[in-house]
Amino acid sequence: MKITFRNFRITDAFTDTMGSVTVNGGRIVDVSPESEARPIDGLVFDGGGRLVLTSGFVDMHAHFREPGFSEKETLESASLAAARGGYTSVVCMANTKPPVDNEAAAYSIKRRADTLGLTRLYPAISLTEGMNGKKLSPYLEAEPSAARAYSPPLLSEDGKDVEDDGLFSAALRRAAEGGHTVSCHCDLGGEDAAVDRALRLGAGCRVHIAHVSTKGAAELLRHHKKRDPRTLLTAETTPHHIALTCRDAATSGPETFGKVAPPLRGEEDRLALIEALKDGVIDVIATDHAPHTTEDKLNGAPGFSGLETAFTVCYSTLVKRHNFSPQKLFSLLSAAPARILGLSGHGAIAAGNNADIVILDTECETLIDSAMFASRGKNTLFSGRKLYGAVVLTLCGGRVVYQSPF
Ligand code: DOR
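Under the numbering used here, the residue at position 318 of the sequence shown is numbered 904, and the numbers go up by one with no gaps.
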């Protein structure tokens with residue numbers, strides 16, 4: 587269907603202008619300054635000169651829980667949560683039951699998500715068989731040149747470190763031979779030591795450091811990137827690590843509702859992460875959406891549901907409080923992850939790109955209420971907080987997948 591968005595502030599990592607955008611057949615077909623307004627056919631949305639139009643967000647790190655943990659989340663509830671949060675592409679992690687360690691399992695999840703048509707889902711595949719840390723996964727064992735029905739944009743053992751140095755290094759090398767980026771969960775012996783180890787063992791490989799949370803890890807990344815500006819090293823942090831500290835975890839139950847891995851840290855760490863985002867040491871914000879049942883949270887399962895609050899949390903924290911430009915924010919949420927994942931046609935509002943678009947109201951306030959989440963996981967420390975900004979509409983492949991009732 588042909589839809590024209592006129593009178594919008596079009597802002598992405600590369601442009602910031604008033605204008606109109608037309609989509610048709612799943613693609614952006616036209617981007618024009620408002621002064622070039624022409625006769626319009628098809629459906630028209632008017633942004634009133636106030637609403638922001640940007641490229642769909644890309645999440646490098648979420649847990650969709652299927653197969654095996656549908657009491658926590660389903661492909662459908664997570665995909666709806668993604669659409670509500672403005673996410674049009676999501677990588678889901680492999681720590682399911684059974685773990686996703688082969689191409690057929692990943693492809694079948696992808697096909698089911700494609701049928702829902704709510705977000706573009708890219709299941710990550712684990713580094714080791716059954717995530718057991720003993721043997722390379724069937725995916726990595728296969729010939730890198732083998733013809734594939736599905737080639738994941740990211741491999742990861744997220745939730746765990748691969749403890750054996752030899753195996754971890756073999757996995758990193760094997761992944762690099764196949765052109766894959768590996769997202770490294772770094773916890774073994776403490777985050778700073780684990781990041782140091784991933785940088786050492788992954789030298790020359792495409793290493794992406796997941797959920798950076800400490801000042802020390804940010805310093806290591808800064809040092810490494812300065813020494814080798816052409817490095818393939820990239821990193822992410824999360825909305826909760828830039829907005830909250832261990833004091834927030836303490837008041838919500840450090841071993842229950844406030845528990846997340848890596849844990850919420852001190853104020854000095856939080857500010858160091860924001861500095862690292864500002865100067866490009868950390869490239870991406872990823873949600874680490876980790877839904878659990880209330881019972882599981884009471885039993886100490888780590889994680890927060892993050893897809894539906896990420897934009898408002900990041901906008902409030904980075905743009906409102908720390909003077910980031912909206913363009914920089916959209917680079918962190920869309921252009922940079924699209925680039926790292928190699929998703930061409932994503933991450934920018936440009937003719938020819940996929941019609942993956944989010945409309946945002948950046949002037950309103952939103953009261954977060956996790957009871958309203960589409961996600962089955964209702965645990966977030968942001969519930970009850972008033973934050974800036976709201977997702978008004980999400981378009982994935984030219985189809986409206988979410989429209990705010992307000
Ligand atoms: O808080 C977390 N939850 N961190 C992880 O690394 C794993 C995740 C999960 O799967 O629940």
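Quick reminder that beta carbons are idealized off the backbone N, C-alpha and C, glycines included.
Practice prompt. Return helix, strand or coil for H794, following the three-state DSSP convention.
Written response: Counting from one through the sequence shown, the residue named residue 794 turns up at place 208. Three-state DSSP puts H794 in a strand.
Discussion item. I'd like to know if the segment 781-795 and the segment 745-758 are in contact, where contact means that at least 3 CB-CB pairs between them fall below 8 angstroms.
Written reply: yes
Worksheet item: Do the segment 628-639 and the segment 869-884 touch if we need at least three Cβ pairs shorter than 8 angstroms?
Response: no
Practice prompt. Using only alpha-carbon positions, find the residue among G628, G928, F968 that is nearest to G984.
Written response: Translated into the one-based positions of the sequence shown, residue 984 becomes position 398. The closest CA to that of G984, considering only G628, G928, F968, is found on G628.
Discussion item. At a cut-off of 7 angstroms, would you count V846 as near ligand 1, judging by its Cβ distance to the nearest heavy atom?
Written reply: Sequence index remark: in the sequence shown, residue 846 carries index 260 (1-based). Yes, the Cβ of V846 comes within 7 angstroms of a heavy atom of ligand 1.
Worksheet entry | Run of the beta strand (DSSP E) containing R613, from where it starts to where it stops | By 1-based counting over the sequence shown, the position of residue 613 is 27. Here the beta strand (DSSP E) through R613 covers 613-619.
Discussion item. Taking the alpha-carbon of P848 as reference, which of G928, G745, R816, I954 has the nearest alpha-carbon?
Written reply: Locating residue 848 in the sequence shown gives position 262, counting from the first residue. Measuring from the Cα of P848, the nearest candidate turns out to be G745.
Worksheet item: Per DSSP, C678 is paired with what?
Response: The count along the sequence shown starts at 1 and reaches residue 678 at position 92. Looking at the DSSP assignment, C678 forms a beta bridge with A648, P709.
Worksheet item: Below 8 angstroms between beta carbons: does that hold for V748 and L707?
Response: Indexing the sequence shown from 1 puts residue 748 at position 162. Indexing the sequence shown from 1 puts residue 707 at position 121. No, these two residues do not count as a Cβ contact at 8 angstroms.
Worksheet entry | CB of S993 within 8 angstroms of CB of S723, strictly | This structure cannot settle anything about residue 993, because the visible part of the chain is limited to 587 through 992.
Worksheet item: When DSSP labels each residue in this structure, what does A667 get in the three-state scheme?
Response: Along the sequence shown, one-based indexing puts residue 667 at 81. Here A667 sits in helix by DSSP.
Fill in: Straight-line Cα distance separating T820 from R792
Indexing the sequence shown from 1 puts residue 792 at position 206. Indexing the sequence shown from 1 puts residue 820 at position 234. One C-alpha to the other measures close to 8 angstroms.
Fill in: Top-ranked residue by Cα proximity to L850, from G776, F643, C832
Here residue 850 is taken as the residue at index 264 of the sequence shown, counted from 1. Of the listed residues, the one whose Cα sits closest to L850 is C832.
Worksheet entry | Own chain residues within Cβ distance below 7 angstroms of A829, not counting five before or after | Translated into positions along the sequence shown, residue 829 becomes position 243. Result list for A829: V899, T903, in chain order.
Item to complete: Take the Cβ of D632 as the centre, count every other Cβ of all protein chains shown within 10 Å, and call the residue buried at 16 or more, exposed below.
Response: As a working note, residue 632 is residue 46 in the sequence shown. D632 comes out exposed.
Worksheet item: If you count every other CB in all the chains shown that lies within 10 Å of the CB of L953, and 16 or more means buried, which is it?
Response: Within the sequence shown, residue 953 is the residue found at index 367, counting from 1. Exposed: under 16 other Cβ atoms inside 10 Å.
Discussion item. Is it the case that the segment 971-987 contacts the segment 938-954, given that we only count it when at least three CB pairs across the two stretches are under 8 angstroms?
Written reply: yes
Worksheet item: Just the Cα atoms here: how many angstroms apart are Y673 and V987?
Response: Within the sequence shown, residue 673 is the residue found at index 87, counting from 1. Within the sequence shown, residue 987 is the residue found at index 401, counting from 1. Cα to Cα, the separation comes out at about 10 angstroms.
Discussion item. Using the three-state DSSP reduction, which class does Y736 fall into: helix, strand or coil?
Written reply: Against the sequence shown, residue 736 aligns to sequence position 150. If DSSP states are grouped into helix, strand and coil, Y736 belongs with coil.
Worksheet item: Buried or exposed: E596, going by 16 or more other Cβ atoms within 10 Å of its Cβ?
Response: Locating residue 596 in the sequence shown gives position 10, where the first residue counts as 1. Inspection of the sequence shows that residue 596 is occupied by Ile rather than by Glu. By the neighbour-count rule (16 or more Cβ atoms within 10 Å), I596 is buried.
Worksheet item: Is any heavy atom of ligand 1 found at a distance shorter than 7 angstroms from the C-beta of H810?
Response: Here residue 810 corresponds to residue number 224 of the sequence shown, with the count starting at 1. No - ligand 1 has no heavy atom lying nearer than 7 angstroms to the Cβ of H810.
Worksheet entry | Start-to-end residues for the alpha helix (DSSP H) that takes in E894 | In the sequence shown, counting from the first residue as 1, residue 894 sits at position 308. Looking at the DSSP string, E894 is not in any alpha helix (DSSP H), and its letter there is neither H nor E.
Item to complete: Rank G790, H826, V768, A761 by C-alpha distance to the C-alpha of T817 and give the top, closest one.
Response: Residue mapping note: residue 817 aligns to position 231 of the sequence shown, counting from 1. Checking every option, the nearest Cα to that of T817 belongs to G790.
Fill in: Whole beta strand (DSSP E) elements within the segment 813-844, 3-residue minimum
820-823
Practice prompt. Ignore the nearest five residues each way along the sequence and tell me which others in A858's own chain have a CB closer than 6 angstroms to its CB.
Written response: What you label residue 858 is simply residue 272 of the sequence shown in a count that begins at 1. Hits under 6 angstroms: K801, A804.
Worksheet item: Does the distance from the CB of F843 to the CB of N681 come in under 8 angstroms?
Response: What you label residue 843 is simply residue 257 of the sequence shown in a count that begins at 1. What you label residue 681 is simply residue 95 of the sequence shown in a count that begins at 1. No; because the gap between Cβ atoms is not below 8 angstroms, this pair is not in contact.
Discussion item. Nearest by alpha-carbon distance to A976: which of N593, S990, R613 is it?
Written reply: On the sequence shown, position 390 is the one that residue 976 refers to. It is S990.
Practice prompt. Answer yes or no: do L726 and A761 have a C-beta to C-beta separation smaller than 8 angstroms?
Written response: The residue labelled residue 726 in the question sits at position 140 within the sequence shown. The residue labelled residue 761 in the question sits at position 175 within the sequence shown. Yes.
Discussion item. If I measure Cβ to Cβ from S920 and keep anything under 6 angstroms in the same chain, skipping five residues before and after, which residues do I get?
Written reply: On the sequence shown, residue 920 is found 334 positions in, with the first residue counted as 1. These residues qualify, in order along the chain: S641, F643, V644, G933.
Worksheet entry | Reduced DSSP secondary structure (H/G/I, E/B, other) of R985 | Position 399 of the sequence shown, counted from the start, is the residue given in the question as residue 985. Correct three-state label for R985: strand.
Worksheet item: Taking the continuous alpha helix (DSSP H) assigned at S694, which residues delimit it?
Response: Along the sequence shown, one-based indexing puts residue 694 at 108. From DSSP, the alpha helix (DSSP H) with S694 extends over 689-702.
Worksheet item: Relative to ligand 1, is the shortest distance from any of its heavy atoms to the C-beta of N681 smaller than 7 angstroms?
Response: Mapped onto the sequence shown, residue 681 falls at position 95. It does: the Cβ of N681 is within 7 angstroms (strictly closer) of some heavy atom of ligand 1.
Item to complete: Please classify G765: is it buried, with 16 or more other beta-carbons within 10 angstroms of its beta-carbon, or exposed?
Response: One-based indexing of the sequence shown puts residue 765 at position 179. So G765 ends up on the exposed side.
Worksheet item: Is P709 near ligand 1, judged by its Cβ being under 7 angstroms from some heavy atom?
Response: Position 123 of the sequence shown, counted from the start, is the residue given in the question as residue 709. No, the Cβ of P709 stays beyond 7 angstroms of every heavy atom of ligand 1.
Item to complete: Can you tell me which of the three DSSP states E715 falls into?
Response: To locate residue 715, count along the sequence shown from 1; it is residue 129. DSSP places E715 in helix when its eight states are reduced to three.
Discussion item. Tell me which residue opens and which closes the alpha helix (DSSP H) that R856 is part of.
Written reply: As a working mapping, residue 856 is identified with position 270 in the sequence shown. Element bounds for R856: 853-864.
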